[in-house]
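Using the working numbering, the first residue of the sequence shown is number 64, and each one after it goes up by one.
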Amino acid sequence: MVNSMFMSCLASLVWCFSLLLLNSHSYFAYRSNETDRLALLAIKSQLQDPLGVTSSWNNSMNLCQWTGVTCGHRHPRVTALDLSNRSIGGTLSPFVGNLSFLRVINLTDNDFYGKIPNEVGRVLRLEILLLTNNSFSGKKYHPICLIALTSLIFFCVRTS
Ligand SMILES: *[C@@H]1O[C@H](CO)[C@@H](O)[C@H](O)[C@H]1NC(C)=O
Ligand SMILES: *[C@@H]1O[C@H](CO)[C@@H](O)[C@H](O)[C@H]1NC(C)=O
Ligand SMILES: *[C@@H]1O[C@H](CO)[C@@H](O)[C@H](O)[C@H]1NC(C)=O
Ligand SMILES: *[C@@H]1O[C@H](CO)[C@@H](O)[C@H](O)[C@H]1NC(C)=O
Ligand SMILES: *[C@@H]1O[C@H](CO)[C@@H](O)[C@H](O)[C@H]1NC(C)=O
Ligand SMILES: *[C@@H]1O[C@H](CO)[C@@H](O)[C@H](O)[C@H]1NC(C)=O
Numbered sequence: 064m065v066n067s068m069f070m071s072c073l074a075s076l077v078w079c080f081s082l083l084l085l086n087s088h089s090y091f092a093y094r095s096n097e098t099d100r101l102a103l104l105a106i107k108s109q110l111q112d113p114l115g116v117t118s119s120w121n122n123s124m125n126l127c128q129w130t131g132v133t134c135g136h137r138h139p140r141v142t143a144l145d146l147s148n149r150s151i152g153g154t155l156s157p158f159v160g161n162l163s164f165l166r167v168i169n170l171t172d173n174d175f176y177g178k179i180p181n182e183v184g185r186v187l188r189l190e191i192l193l194l195t196n197n198s199f200s201g202k203k204y205h206p207i208c209l210i211a212l213t214s215l216i217f218f219c220v221r222t223s
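As structure tokens, this is what we get:
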């Protein structure tokens with residue numbers, strides 16, 4: 064029993080470490096806000112957004128002015144995504160893993176479903192992940208890895 068727990072823990076750590084190695088190259092390489100733009104548009108494409116919250120996510124607006132999107136002070140890169148309490152449904156795109164400057168994801172009080180993409184684990188700067196009051200299943204999620212890769216995680220899922 065203890066042995067199998069140890070093995071599964073070890074397997075998770077190996078998985079985390081290989082993820083870190085695989086991603087370190089692209090992580091340190093230059094990434095433009097074009098990557099952020101493509102990622103947000105991919106996220107939008109998987110949402111049901113009856114209130115049209117993401118209608119400002121269009122090419123005539125700077126992405127730092129898109130609703131729910133916050134950029135850093137020095138760089139036009141996305142640091143927070145807050146779509147909480149917006150009646151949004153749908154699944155979370157794996158492209159979220161390309162928002163490499165993201166610190167906060169707040170999807171609280173919506174109707175997101177499906178699995179939480181493993182790509183969330185690629186967002187090395189992520190500090191706060193709030194998914195409370197959605198319908199995520201997240202069976203294949205690797206919370207151990209998130210803890211290993213980031214300094215601070217508030218991970219809460221309450222299925223509705
Ligand atoms: C882009 O979003 C802005 C703000 O919501 C809106 O005023 C504008 O009409 C939109 N443009 C297009 C092409 O949808
Ligand atoms: C990307 O950043 C540049 C430079 O700050 C800015 O001019 C451009 O509008 C940004 N692109 C988008 C899609 O926001
Ligand atoms: C997340 O969204 C909830 C609901 O809108 C809000 O109360 C909370 O302050 C937000 N937290 C962060 C860290 O953005
Ligand atoms: C959620 O949105 C509804 C409708 O816009 C509003 O009445 C309510 O106060 C919001 N709740 C939170 C926690 O922000
Ligand atoms: C972003 O993420 C997706 C899915 O995780 C991937 O297919 C794509 O190649 C990534 N890179 C860019 C630059 O969009
Ligand atoms: C969960 O979110 C829905 C909106 O999607 C809201 O109406 C409901 O009050 C929330 N439930 C709790 C317990 O906060």
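By construction, the Cβ of each residue, glycine as well, lies at the ideal position given by its N, Cα and C atoms.
When the Cα atoms are used, V183 and N96 turn out to be separated by approximately 18 angstroms. Partner residues in the beta bridge of C134, as assigned by DSSP, are V141. For N148, the CB falls within less than 7 angstroms of some heavy atom of ligand 4. In this structure, D172 sits near S147, with a CB-CB distance shorter than 8 angstroms.
Annotated three-state conformation of L189 is coil, per DSSP. Taking the Cβ of N121 as the reference point, at least one heavy atom of ligand 1 falls within a distance shorter than 7 angstroms. Between T117 and T98, the C-beta gap is not smaller than 8 angstroms, which leaves the two residues out of contact.
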